[in-house]
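K.L.:
These protein sequence lines are chains A, B, C and D, in that order. Heads up: the first sequence runs through residues 1 to 148, numbered per our numbering. Heads up: the second sequence runs through residues 149 to 296, numbered per our numbering. Heads up: the third sequence runs through residues 297 to 375, numbered per our numbering. Heads up: the fourth sequence runs through residues 376 to 454, numbered per our numbering. Just so it is clear, CB atoms sit at the ideal spot from N, CA and C, and this is done for glycine as well. Small disclaimer: the values here were computed from a predicted structure and weren't measured.
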Amino acid sequence: MTVRLQSEPFEPGVLLTRFSAGRGETGAVVSFTGLTRAEHGQTTTLELEAYPGFTDAEIGRIGEAAATRWGLQDWLVVHRVGPIAPGEAVVFVATASAHRREAFEACDHLMDYLKSRAPFWKKEHGPDGARWIEPTDRDRTDAERWET
Amino acid sequence: MTVRLQSEPFEPGVLLTRFSAGRGETGAVVSFTGLTRAEHGQTTTLELEAYPGFTDAEIGRIGEAAATRWGLQDWLVVHRVGPIAPGEAVVFVATASAHRREAFEACDHLMDYLKSRAPFWKKEHGPDGARWIEPTDRDRTDAERWET
Amino acid sequence: MARVMLFGRLADIAGWRETEIDASSLSGLRDTLTATDAALGEALAGPGVQAAVDKVIVRADVALTAGSEVAFLPPMSGG
Amino acid sequence: MARVMLFGRLADIAGWRETEIDASSLSGLRDTLTATDAALGEALAGPGVQAAVDKVIVRADVALTAGSEVAFLPPMSGG
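1) In this structure, does DSSP put P83 of chain A in helix, strand or coil?
2) If you count every other CB in all the chains shown that lies within 10 Å of the CB of A266 of chain B, and 16 or more means buried, which is it?
3) Name the residues in the stretch 358-371 of chain C whose C-beta lies less than 8 Å from a C-beta of chain A; which are they?
4) Just reading off the alpha helix (DSSP H) that G337 of chain C is part of, what are its end residues?
5) Expressed to the nearest angstrom, what Euclidean distance is found between the alpha-carbon atoms of A85 of chain A and T45 of chain A?
6) Could you give the residue range of the beta strand (DSSP E) that holds L35 of chain A?
7) Would you say G304 of chain C lies against chain A (beta-carbon separation less than 8 Å)?
8) Tell me, please, whether the stretch 15-32 of chain A touches the stretch 64-76 of chain A by the rule of three or more beta-carbon pairs shorter than 8 Å.
9) Listed from N- to C-terminal order along the chain, which residues in the stretch 415-436 of chain D have their beta-carbon within a distance smaller than 7 Å of any beta-carbon of chain B?
10) Taking Cβ to Cβ, would you say L385 of chain D is nearer than 8 Å to A418 of chain D?
11) For a cutoff of 8 Å on Cβ pairs, would you count A233 of chain B as touching chain G?
12) Which of the residues in the stretch 45-71 of chain A, read from start to end, lie with their CB under 8 Å from any CB of chain C?
13) Using a Cβ-Cβ cut-off of 8 Å (strictly less than) and excluding sequence neighbours within five positions of S400 of chain D, which residues of its own chain qualify?
14) Is the CB of G403 of chain D under 8 Å away from at least one CB in chain B?
15) Do G87 of chain A and A176 of chain B have their beta-carbon atoms positioned less than 8 Å apart in this structure?
16) Is it right to say W312 of chain C is buried, meaning 16 or more other beta carbons lie within 10 angstroms of its own, or is it exposed?
17) Using DSSP's beta-bridge definition, name the partner residues of H257 of chain B.
18) Along the chain, which unbroken stretches of the beta strand (DSSP E) at least 3 residues long are found entirely within the stretch 308-367 of chain C?
19) Can you look up L220 of chain B in the DSSP assignment and give me helix, strand or coil?
20) I think G374 of chain C touches F120 of chain A, with their Cβ atoms under 8 Å apart; what is that distance to the nearest whole Å?
21) Within the 8 Å Cβ cut-off, does S399 of chain D reach chain B?
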């Protein structure tokens with residue numbers, strides 16, 4: 001039940017190993033790793049801004065709601081902030097549950113939230129300069145799947 | 149694009165690190181780790197039998213079909229065979245794609261197949277002796293979601 | 297003195313990210329910011345821009361005290 | 376001599392997992408197995424039990440050669 005915002009790079013496998021360890025009654029662990037794409041040279045650096053104390057608190061509320069809705073045994077969100085180079089991991093989400101359907105749906109849901117509505121401001125630095133990114137239509141559509 | 153059946157324990161995080169490395173155009177990596185549950189002492193050991201050369205070939209065909217259907221950049225299935233202690237990882241599936249929806253759906257689909265229809269024979273050794281396991285109704289229902 | 301923070305493109309428009317401004321209400325703070333920097337004032341009134349006081353989104357006007365932290369948040373892009 | 380393999384509960388019933396049996400067809404092999412071990416013969420004819428010859432599932436009778444590998448597969452449980 002952890003949210004971590006960090007400017008240092010992280011290794012997804014190390015996070016998965018720690019998250020999976022010592023789980024006698026967990027049957028399923030689903031992880032999502034979001035990597036920055038090079039976009040064939042179009043993107044050189046991604047820059048993510050968060051509001052510390054606000055961004056992590058809001059992600060925490062969404063995580064707790066997901067834990068209740070899907071009966072998760074545990075969940076983890078690690079999110080980079082600051083400049084992120086192409087190919088680096090920007091977000092890692094892991095969910096643990098007794099059976100696999102719940103872990104899949106909760107992880108999928110958390111990612112839809114994180115990608116479309118979490119309090120981050122995102123700037124892409126490319127060969128033609130920098131621009132602020134808004135959520136895509138697909139991000140909105142994906143997030144709306146969970147509104148019941 | 150790899151299937152591996154092995155009797156040795158594996159570390160999910162090590163597999164995820166290797167799978168995620170050096171992916172300039174991958175945006176999303178989804179992993180599923182299936183752990184054997186202790187079932188509060190009801191299950192002591194799980195034993196999985198495969199038919200080498202048949203089981204891996206069939207999983208490979210399903211993996212290739214999923215790669216085509218969801219446009220995966222890569223996929224990996226590592227599956228234990230032989231005796232597996234509670235808390236140990238029994239299966240690891242990872243999928244890589246440009247965007248997250250495809251990686252999620254393909255991983256979910258591969259797990260439904262692996263849990264319900266892959267050519268394994270499964271024996272649970274518990275306090276009351278050993279019994280062969282058949283797929284559950286939920287495994288069948290989950291797998292049927294993908295038949296279009 | 298309220299602590300005022302700008303995020304995303306708002307900071308680019310203003311040329312600063314954080315400052316201290318004397319204001320007894322959120323509306324008073326907006327007026328002061330607009331009087332000092334018309335482009336920022338326009339951006340703060342733009343669609344989807346929200347204000348948070350002490351890390352809680354507020355939609356109405358609220359009183360500010362000496363230790364208040366006010367953040368102006370453009371539409372959130374997700375991570 | 377065909378190589379004959381049993382999987383899952385079939386091996387428990389027979390008391391062996393792998394053997395060599397002289398047979399020129401799959402149906403002939405089934406007859407031989409049933410004549411030797413009625414319980415195994417019954418299990419092989421049970422619902423959902425499939426036969427694979429050289430790692431390909433076969434539904435009809437097929438001829439076997441000296442190097443054929445025949446596997447009898449109970450319903451697959453998944454992993």
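P.N.:
Judging by the given coordinates:
1) The count along the first sequence starts at 1 and reaches residue 83 of chain A at position 83. It is a strand residue.
2) Residue 266 of chain B sits at position 118 when you count from the first residue of the second sequence. So A266 of chain B ends up on the buried side.
3) A367, L369, P370, P371
4) Indexing the third sequence from 1 puts residue 337 of chain C at position 41. 334-340 is the extent of the alpha helix (DSSP H) around G337 of chain C.
5) The sequence position of residue 85 of chain A within the first sequence is 85, counting from 1. The sequence position of residue 45 of chain A within the first sequence is 45, counting from 1. Their backbone Cα atoms lie some 5 Å apart in a straight line.
6) Counted from its first residue, the first sequence places residue 35 of chain A at position 35. Its beta strand (DSSP E) spans residues 28-35.
7) Indexing the third sequence from 1 puts residue 304 of chain C at position 8. Answer yes: the Cβ-Cβ gap between G304 of chain C and chain A drops below 8 Å somewhere.
8) yes
9) A427, K430
10) Walking along the fourth sequence from the start, residue 385 of chain D turns up at place 10. Walking along the fourth sequence from the start, residue 418 of chain D turns up at place 43. Cβ distance < 8 Å, so L385 of chain D and A418 of chain D count as in contact.
11) Absent from the structure is chain G; the protein chains it does hold are A, B, C and D.
12) L48, E49, Y51, G53, F54, A57
13) As a working note, residue 400 of chain D is residue 25 in the fourth sequence. For S400 of chain D, where only same-chain residues beyond five positions count, the Cβ hits under 8 Å are D436, V437, A438, L439.
14) Counting from one through the fourth sequence, the residue named residue 403 of chain D turns up at place 28. Chain B, which has no Cβ nearer than 8 Å to the Cβ of G403 of chain D, makes this no.
15) For the purposes of this step, residue 176 of chain B is taken as residue 28 along the second sequence, with counting starting at 1. For the purposes of this step, residue 87 of chain A is taken as residue 87 along the first sequence, with counting starting at 1. Not closer than 8 Å, so no.
16) Locating residue 312 of chain C in the third sequence gives position 16, counting from the first residue. W312 of chain C comes out exposed.
17) Counting from one through the second sequence, the residue named residue 257 of chain B turns up at place 109. BP columns for H257 of chain B are empty, so no partner.
18) 314-317, 346-349, 352-354
19) Taking the first residue of the second sequence as position 1, residue 220 of chain B is located at position 72. Reduced to three states, the DSSP call for L220 of chain B is coil.
20) The residue you call residue 374 of chain C lines up with position 78 of the third sequence. The residue you call residue 120 of chain A lines up with position 120 of the first sequence. Sure, about 6 Å apart at Cβ, within 8 Å.
21) Translated into positions along the fourth sequence, residue 399 of chain D becomes position 24. Not closer than 8 Å to any Cβ of chain B, the Cβ of S399 of chain D fails to qualify, so no.
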